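Residue numbers (my numbering): 91 to 922.
Given below as structure tokens:
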């Protein structure tokens with residue numbers, strides 16, 4: 091700078107360098123220095139305007155561009171830049187005039203055409219804007235800034251479907267443009283699809299990091315009910331001080347405002363010139379109160395009055411998500427052991443709101459949010475995403491009502507009222523699904539309350555029931571040992587009650603079968619002896635190149651992406667709760683280099699109980715340098731999967747490695763994964779490979795036949811039944827044995843459900859009370875009806891629980907058949 095101190099043009103060249111590094115302060119200083127040297131130099135004012143824009147001083151930027159245009163009235167750059175600033179500050183009519191002036195001289199100016207169309211939208215001239223947009227996109231369907239600007243405008247005007255349509259096209263054109271993802275996420279949230287919005291924002295985070303992106307991600311999580319994760323996301327870049335929200339805009343410029351909407355408007359207007367936010371004041375207010383409540387909880391000096399007021403601000407409102415906010419706030423206060431009277435007030439007011447709380451966009455996510463927290467945190471840290479499966483409404487209702495009683499019991503326990511706490515825990519146990527993690531947690535707390543009353547024997551019994559219904563836990567075992575020794579004077583017979591003390595184990599090497607077949611498992615490192623375990627079966631899926639979409643909704647060419655099926659252990663003390671395997675989507679480092687498409691072939695084989703170890707045989711297409719290998723065609727699934735910009739990596743086998751805190755790999759599932767096969771009209775001879783695995787198309791429309799895991803290993807072979815419980819003695823005879831006759835009973839003879847997602851549970855058993863594990867179920871129309879087997883819902887001894895669900899818009903009458911080796915039963919399903 092010393093060498094060019096007197097040269098205005100060279101100073102502007104140096105200022106341009108600082109603009110490239112987003113050092114707006116230095117660029118502004120040099121531009122002002124150049125103006126002193128040459129007051130009538132238009133380029134100096136143009137540089138000053140851009141520096142002001144980088145500093146989010148949009149009015150001053152507009153003034154600088156106006157001065158540049160005054161000095162050079164024919165400057166297209168100054169006129170276009172001024173028009174953009176007029177849009178940004180909410181003056182679309184003035185912007186339209188400037189754009190028309192440019193187009194009068196040059197009709198082919200694409201930037202001016204795009205700006206004019208978006209200014210027409212901003213001026214609420216929708217019909218004219220849409221007409222011009224259609225013409226423009228016919229000439230250039232890859233007009234990124236028109237697609238993004240229009241998509242965001244539609245989202246801001248609550249037209250989510252149109253926003254999603256245009257934003258998908260924008261992401262397909264340039265997946266690295268974060269505002270395309272933000273527009274898409276806002277459209278998805280308008281469509282009540284917050285989990286999909288979260289996925290696209292996580293993909294966007296690979297290419298950008300600024301406060302608006304953090305806020306949008308927190309908004310998606312708030313809508314889904316992931317309040318703790320939303321608060322954590324906000325705390326990365328925001329804080330609330332003296333009722334003002336503070337952040338660094340662009341990660342550089344300190345700024346504060348009364349609301350998120352006002353604060354972040356400057357980032358949006360400086361980036362895409364949109365004056366109106368695709369947000370609501372209610373959403374912004376809830377996020378502000380959530381951040382404030384979270385900050386109070388993290389404070390070193392907890393003030394019960396202040397924190398109670400913060401909780402009230404967060405939970406206020408009459409929307410259907412209110413109960414979920416109440417339970418979240420109550421649980422967090424109990425964790426901090428503060429404001430216990432407020433907890434009792436919250437749980438009391440939550441009674442009666444259960445039905446409304448299930449009429450939300452993602453009821454399963456909202457109900458399971460606290461239990462999914464650890465596993466989601468681990469997955470996201472690995473660039474993976476857990477897909478929350480559907481859970482029947484009746485089950486979710488029982489969990490919510492049981493949680494209200496359990497939280498009330500915990501509050502009474504902290505108030506040293508064990509007798510009242512015992513009553514509450516017993517109520518919770520009568521409501522919660524038996525042997526679910528909530529049930530186990532309530533049973534354990536019941537034991538603690540009984541122990542406080544001096545009822546040692548009853549306390550020990552509750553402890554044992556809780557311990558034996560889940561995975562071994564060393565800390566809990568110590569509690570049981572101490573109480574057992576206090577009652578009996580020794581530990582004789584304890585192992586017979588709760589099993590032998592688990593011993594540390596050494597991780598086994600990966601298992602390989604016939605070269606391409608692998609068993610892949612991921613075990614999360616335990617946190618405080620309760621971290622969840624994620625078991626995944628890798629599957630290679632198409633992934634977009636750097637110029638492609640982050641969601642499959644955009645029709646684009648793609649490159650490989652790793653998708654995984656997973657069981658998420660989400661309940662307290664690392665217990666599994668989801669009835670279907672939860673999928674994980676993996677997002678490695680993005681790459682721009684094109685790679686070929688890959689189609690998966692997937693086979694899943696359950697290992698014998700107690701642990702279910704899926705196996706996968708992925709068939710992948712190598713990178714362009716290698717020879718491409720074709721794979722069988724896979725049917726498309728109706729479920730939307732996230733596609734992020736990934737670099738192709740070879741599949742890795744990750745062994746399930748038990749830790750010292752969890753030496754026993756065998757985890758008992760509450761909703762065990764199901765094995766899906768295609769029913770055959772006649773016996774077909776199987777090859778050796780087929781005898782080892784049960785074929786399933788991962789992307790097929792749902793389920794034609796379902797078997798429980800206990801019978802997955804028991805197969806019919808030429809009329810003979812092989813039992814997996816004992817080693818069968820096989821006697822070769824000339825005539826096959828006749829199967830014993832039995833009668834299958836069902837709780838419903840006829841089922842009536844709504845189309846497109848309606849579901850109802852059916853209890854199935856044998857009249858003579860035999861083991862129900864051999865019962866299979868299949869539909870006469872798999873593309874319209876899905877049947878899920880859920881082994882432990884309700885904990886009903888001697889009966890199996892199946893969920894019948896409509897997975898299409900088709901209406902009519904269908905038949906579900908429940909079959910065993912000795913008989914079958916048909917149930918009529920009316921879809922309306």
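For each residue, glycine too, the CB sits at the ideal point set by N, CA and C. For clarity, every value in this text was computed on a predicted model and none was experimentally measured.
> In three-state terms, what does DSSP make of residue 296?
Replying inline: coil
>> Tell me the rounded alpha-carbon separation between residue 151 and residue 169.
In response: 13 Å
> Is residue 344 helix, strand or coil by DSSP?
Replying inline: strand
>> Rounded to the nearest angstrom, what separates residue 585 and residue 508 at their Cα positions?
In response: 29 Å
>> Less than 8 Å between the C-beta atoms of residue 148 and residue 178, yes or no?
In response: Going by C-beta atoms, residue 148 is nearer than 8 Å to residue 178.
>> Measuring only the C-alpha atoms, how far is residue 900 from residue 219?
In response: The straight-line gap from Cα to Cα measures roughly 38 Å.
> When you compare only the Cα positions, how much space is there between residue 447 and residue 523?
Replying inline: 19 Å
>> Please classify residue 645 as buried or exposed, where buried requires at least 16 neighbouring CB atoms within 10 angstroms.
In response: Annotation note: pLDDT 33 at residue 645 (below 50); position unreliable, coordinate value reported separately. It counts as exposed.
> What three-state label does DSSP hand residue 902 in the structure shown?
Replying inline: strand
>> Restricting to Cα atoms, I'd like to know which of 248, 254, 91 is closest to residue 237.
In response: 254
> In whole angstroms, what separates the C-alpha of residue 911 from that of residue 481?
Replying inline: 29 Å
> Thinking just about the alpha-carbon of each residue, which of 846, 859, 497 is nearest to the one in residue 874?
Replying inline: 846
> Which residues in the same chain have their Cβ closer than 8 Å to the Cβ of residue 454, if we skip the five residues on either side of it in sequence?
Replying inline: These residues qualify, in order along the chain: 478, 479, 480, 481, 486.
>> Mapping the DSSP letters down to three states, classify residue 571 as helix, strand or coil.
In response: Three-state result, residue 571: helix.
>> If you measure between the beta carbons of residue 550 and residue 577, is that distance less than 8 Å?
In response: It is a contact, given that the beta carbons lie within the stated cut-off.
> Assuming residue 834 and residue 913 make a contact with CB atoms under 8 Å, what is their CB distance in whole Å?
Replying inline: 5 Å
> Among residues of its own chain, excluding the 5 on either side of residue 920, which ones have a beta-carbon nearer than 6 Å to its beta-carbon?
Replying inline: 842, 903
>> Taking the alpha carbon of residue 905 as the reference point, which residue from 337, 226, 918, 364 has its own alpha carbon closest?
In response: 918
> For the candidate residues 451, 514, 393, 457, whose alpha-carbon lies nearest to that of residue 426?
Replying inline: 393
> Which partner residues does residue 850 have in the DSSP bridge list?
Replying inline: BP columns for residue 850 point to 894.
> Can the beta-carbon of residue 529 be found less than 8 Å from the beta-carbon of residue 519?
Replying inline: yes
>> Can you tell me where the beta strand (DSSP E) holding residue 303 begins and where it ends?
In response: Residue range 301-314 is occupied by the alpha helix (DSSP H) that includes residue 303, with no beta strand (DSSP E) assigned at that position.
> Measuring CB to CB, does residue 242 end up less than 8 Å from residue 252?
Replying inline: no
>> Let me make sure I understand the geometry here. Which of 297, 363, 407 has the alpha-carbon closest to that of residue 239?
In response: 363
> What are the start and end residues of the alpha helix (DSSP H) that includes residue 149?
Replying inline: 148-161
>> Between which residues of its own chain and residue 839 is the CB-CB distance below 8 Å, once the five residues before and five after are set aside?
In response: 917, 918
> When you compare only the Cα positions, how much space is there between residue 869 and residue 915?
Replying inline: 12 Å
> How many angstroms separate the CA atom of residue 531 from the CA atom of residue 302?
Replying inline: 39 Å
> What's the call for residue 129, buried or exposed, on a 16-neighbour Cβ count within 10 Å?
Replying inline: When all chains shown are included, residue 129 counts as exposed.
>> Just to confirm the assignment, what range does the alpha helix (DSSP H) spanning residue 429 have?
In response: Taken as a continuous stretch (DSSP letters only), residue 429 belongs to no alpha helix (DSSP H), as it is neither H nor E.
> Skipping 5 residues on each side, what residues in its chain have a beta carbon closer than 6 Å to that of residue 91?
Replying inline: Taken in chain order, the list of residues that qualify is empty.
> Does DSSP put residue 842 in a helix, a strand or coil?
Replying inline: Three-state DSSP puts residue 842 in a strand.
>> Using a Cβ-Cβ cutoff of less than 6 Å, which residues in the same chain neighbour residue 545 once the five nearest sequence positions on both sides are dropped?
In response: none
> residue 914 by DSSP, collapsed to three states: which one?
Replying inline: strand
>> Below 8 Å, how does it come out for the stretch 412-427 and the stretch 496-511: are there three or more Cβ pairs, yes or no?
In response: yes
> When the Cβ atoms of the stretch 337-347 are set against those of the stretch 294-301, are three or more pairs found closer than 8 Å?
Replying inline: yes
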